[in-house]
Every structure is written in structure tokens, then in C-alpha cells.
Amino acid sequence: MSHAIERIELARVSVPFDINGPRNGLRPGLAPWTRMESLIVRVHCRDGVSGWGEAFGHFANAGTAAILETLVAPWFIGKDASAIGASMEQAERAFYGFGRNGPVRYALSAIDIALWDIAGQRAGLPLYRLLGGNRPDIRRYASFARYGGDPEVVAANTAAAVEAGFAMVKLHEAALPAFLAARAAAGERARVALDVNCPWTIEEARAMARRIAPEDFEWLEEPVWPPEDYDGMARVRQEGVPVAAGENVTTLHDFKRLFESRAVDVVQPSVVKAGGITAMRKVYALAESYGVRVAPHCYFWGPGYLATAHLIAADARPMLLETPYIALEAPEVNPAFDSRSGAMTLSDAPGLGYAPDAAALARQTVWSAAVA
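The numbering used here runs 783 ahead of the 1-based position in the sequence shown.
Pasting the structure below:
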């Protein structure tokens, strides 16, 4: 069977980056973030066709890599790469006991993305065309690093992003002065969204929502702890500020619970967390049936970034591509990742069109393995 998978390569690629501001942890309590790491897979078929994928992990990539090497990747060896739907359904049933959220799910996401890359190459079509789209030109929004609430840094980076043509900026702060600094710097030229990363009780979040309601922010993202408190988010929504969440939701049934709770105006599924392109298409359809807007989560630079871009280009609904507002020291690891411009045009290369410089990728690789 020429379409059978014969080898899967794994690599943790870690790239230093600059954020144009003070460094802080990805989440409160974590060490300052200095390297953006991508857990990349490459699935090879017997006939020589190969596809790229990416699993979520960041600081937890070592764990997801171990799951890929010892459990998930071996299961796919010998499977038909063209039978994506059947293979992913069987894999979910095989591995459900190891967790429906977390490293196993992230590993399956990477394989699924790679299989869709292969499907596009076999069809001779860029992935967005294979998925039914016809618009290679999309817009990005600038997703800032955490600047520790510094209003001057927030304002300066907001102004720079607006000048670069980004239609929106998103903060990862949890302090009112930073919120207002970004809003003032953006003016009428761009929207401002707030991602606060689950810091507050329900009542604290409601109080903040009431305070910022007149400022016309695009959304307030993950305002309550824990992120699974959908009823709490629904109460925050009652204050009149759009609420966004979903990057930490991974199964279709949990997305259904999110929607049924009326917890969000905007849902943010992540292609490298939720099960890849196969799962994302299901979430998109479910969101449409509930009248919920989709804004996919995409705080990464590798094949998952391109997979998100293709999903946006394939969809008739207007969406912006979240783009980390960082400068990679080795941009050759993905030439399509560009935080200097708010516009993006997908190439007409078949599949994802991921075309890294092999030497740059090798230089930045901190761990690799192959499964056959």
C-alpha cells in the first residue's frame, strides 16, 4: 500500500525570540519566556510523500514528545495516510483512556495536521482549496507577549502594530491601566482584545467587565478561574462585554457544553490542541449552529500556524489569524510567519506549504527521534 505510513520524525525546535519589552512568564508563576518551542512531526509514506504537523506543548513539549514517541506515533505506522477520518476516529477510541485533554490529544492533533498536509499534496492543491476555500489573502492580529502590565510598553507596541497594518491587537495582561493604554493607542484604527488568562473569581471578573464595558474592547478572554467554569463565564457575559474562550477545550462534547452554557460570544479552538484539522472543522460547524463567532487560537509559529491560516482561508466567515507579536531569531524555521505585517497571502504550494530552511531547523532542534 503506497499510501501507508512508514516513518514519523519528531523534533522539538526551540527558537530565541524578542518581544520588545520586559519579559514575563507565559502564565503568572512561570519563569520568563525566552524561547518559542515547537514540537514538529513529519509523517512519511512509502511512496515518498511526507507531511508536516505540530503538537501543542510550549514548556510541556518534553511530555508530549514522549507520548508521541512511545504511544501515538507507533500506532500510526502502517496506517493508510489517505483515510484521515477513519484513522482519527480509531485513534481516539484507542487512546481515550489516556486523557481526552492534554499530551495525547496534542499528539493526535499533530498527526492529523500532517495527514491533511499529505492529502493536499496528493490532490495538488493548497490546503485551503482542498477544504473548499478560494481566498489566499487573509488578515492577522497581533497577539502580544506578557509585558507585566507596563502601560508605556503596551502603548508603544500597540502603536507599532497598528502602523504595521494589524487590524487588532490582543493583550496578555490583567491590569486596567494596561487595558486603557492599549485602547488609547489603538484609537479608531484597530480593535483591542483582552486575554487575561483566568485570573479572577466570578465577582472580580464581573466587576472588571462593568468597568471596561464603555471602552468597547473586542472581547474579554478567559476571565475566570478555573477555565472550565462555563456557568461563571456566562454570568460575566451578562455585564455586556463579549466573552471569549476555548483554547483549553478539546473535545466536541465539551465545546457543546460551552455553547449550551451560553458562556461565550467568541470561541477559540486550537488546531494543535483539539485534534487537528479534522476536529476543527467539526467545532466550526457546531459553533455556527449555536451562533457563536470563531476566532481560532494560534500562539505558535510552526506547521500549526499554517494549518490555522488555511482553515481561516477556507471559511466564508471573516476571521483574523492570531500571530504572536515576537521576532524570532531564526525566522527561516517558517518563512510564512511574519509578525511585521498585518496581511498574509498563502502560497499556492500544495498542502500546508510549510517550507522551512532545513539547516536552520536543524540548528534550532534540541531533541529529535524517529519512529518506524
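For every residue, glycine included, the Cβ atom is placed at its ideal position computed from N, Cα and C. Since the structure is predicted, the reported quantities are computational estimates derived from the model, not experimental observations.
Inter-residue spacing [alpha-carbon to alpha-carbon] between residue i and residue j
i     : j     : result
L908  : L898  : 14 Å
A1113 : A965  : 29 Å
R972  : A1119 : 25 Å
R923  : L813  : 28 Å
T1106 : Y1088 : 8 Å
H1036 : P886  : 19 Å
W1156 : A794  : Lying outside 784 to 1155, the shown extent of the chain, residue 1156 is not represented and no answer is given.
A869  : R1123 : 40 Å
A866  : I788  : 11 Å
Y889  : F881  : 12 Å
H955  : L977  : 7 Å
H786  : G1059 : 20 Å
A1099 : T847  : 33 Å
L851  : V1024 : 40 Å
R810  : V1026 : 20 Å
E792  : G948  : 37 Å
E1115 : A1142 : 9 Å
F878  : V832  : 27 Å
F1179 : K862  : This structure leaves residue 1179 out entirely; the chain is present only between 784 and 1155.
G834  : R790  : 11 Å
H827  : W983  : 45 Å
K953  : L1103 : 12 Å
S1151 : T853  : 13 Å
E1071 : R1064 : 11 Å
E987  : E946  : 34 Å
A849  : I921  : 35 Å
V796  : A1057 : 21 Å
Buried or exposed by the 16-neighbour rule on C-beta atoms within 10 Å, applied to residue i
i     : result
P805  : exposed
V1149 : exposed
S1147 : Residue identity check: residue 1147 is Gln in the sequence provided, not Ser. Classification for Q1147: buried.
R825  : buried
D1131 : exposed
M819  : buried
A1145 : exposed
G970  : exposed
Beta-carbon spacing of residue i, residue j below 7 Å
i     : j     : result
A1078 : V1049 : yes
Q904  : G1136 : no
R883  : T1034 : yes
I823  : G1085 : yes
A864  : L891  : no
N807  : G931  : yes
V855  : L1111 : no
F859  : I896  : no
A950  : A925  : no
A1126 : G916  : no
P1010 : V979  : no
L1003 : F1038 : no
N1117 : P1139 : yes
P1052 : V1066 : yes
E1001 : R1020 : no
A906  : L913  : yes
6 Å Cβ shell around residue i - same chain, five flanking residues per side excluded
i     : result
H1093 : L910, Y911
E998  : R966
N968  : The residue asked about is misnamed: residue 968 is Ala in this sequence, not Asn. Result list for A968: A938, T941, A942, in chain order.
A928  : I802
W1008 : C981
M871  : D895, T1061
V936  : G804, Y930
P934  : P960, A961, A964
H1080 : E1030, Q1051, S1053
Y1073 : F1042
A957  : V979, P982
Sequence-distant residues of its chain with Cβ nearer than 8 Å to residue i (five each side left out)
i     : result
L1041 : Y1013, A1028, G1029, V1032, V1047, V1050
E1022 : R989, A992, R993, A996
S1044 : Y1013, D1014, M1016, A1017
D830  : S785, H786
Nonlocal neighbours in the same chain, by C-beta distance under 7 Å from residue i, ignoring five residues either side
i     : result
F1083 : S821, E837, V1055
P857  : V1154
L1129 : P909, Y911, P919, A1092, H1093, A1096, G1136
R1018 : I985, R989
I1109 : F800, D801, I802, M819, A928, S1122
Chain D contact for residue i (CB, 7 Å cutoff)
i     : result
D1037 : Any reference to chain D falls outside this structure, which holds one protein chain only.
The ligand MN heavy atom lying under 6 Å from the CB of residue i
i     : result
L1103 : No copy of the ligand MN occurs in the structure displayed, which carries no ligand at all.
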